[in-house]
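Following: one structure in structure tokens, then a few remarks.
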Amino acid sequence: MEKGKPSRLEGGRAKYAGIVVALGLLYNVVQYWGENWFWTIFFSLGALICGTIGYFDLRRAILNNKFRTNNKN
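Everything in the sequence shown is counted per numbering that gives the first Met the number 0, starting at 0 for the first residue and increasing by one.
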């Protein structure tokens, strides 16, 4: 592997890590719903925050890819 080029796994982590964590937290929200309200609220806030971060990370990656594609022409 070349030093200057990141692997596909690293690129995937950069794009999708926030969304994957948010989905895990959302699963925990469903699991703890009605049993323990502290964990329900805690996981709900975590899913909201990580989902927002994941959305903007993915949006940034898509826009950077479009920008690079347009500059090559």
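Quick reminder that beta carbons are idealized off the backbone N, C-alpha and C, glycines included. Keep in mind the model is a prediction, meaning the values are calculated, not measured.
Taking the alpha helix (DSSP H) that K4 falls in, what are its first and last residues? Residue mapping note: residue 4 aligns to position 5 of the sequence shown, counting from 1. K4 -> no alpha helix (DSSP H), and no H or E assigned at all.
Would you call the CB atoms of K14 and L57 closer than 8 Å? Translated into positions along the sequence shown, residue 14 becomes position 15. Translated into positions along the sequence shown, residue 57 becomes position 58. Taking 8 Å as the Cβ cut-off, K14 and L57 qualify as a contacting pair.
For N27, does the three-state DSSP call read helix, strand or coil? Taking the sequence shown and counting its residues from 1, one reaches residue 27 at position 28. Three-state result, N27: helix.
Cβ pair count under 8 Å reaching 3, the segment 63 to 70 against the segment 30 to 41: no
Chain-order list of residues whose beta-carbon lies under 7 Å from that of L24 (same chain, five-residue window excluded): One-based indexing of the sequence shown puts residue 24 at position 25. The residues are F42, G45, A46 and C49.
Keeping to the same chain, check which residues put their C-beta closer than 7 Å to that of V28; ignore five residues upstream and five downstream. Taking the sequence shown and counting its residues from 1, one reaches residue 28 at position 29. The answer, listed in chain order, is T39, F42, S43 and A46.
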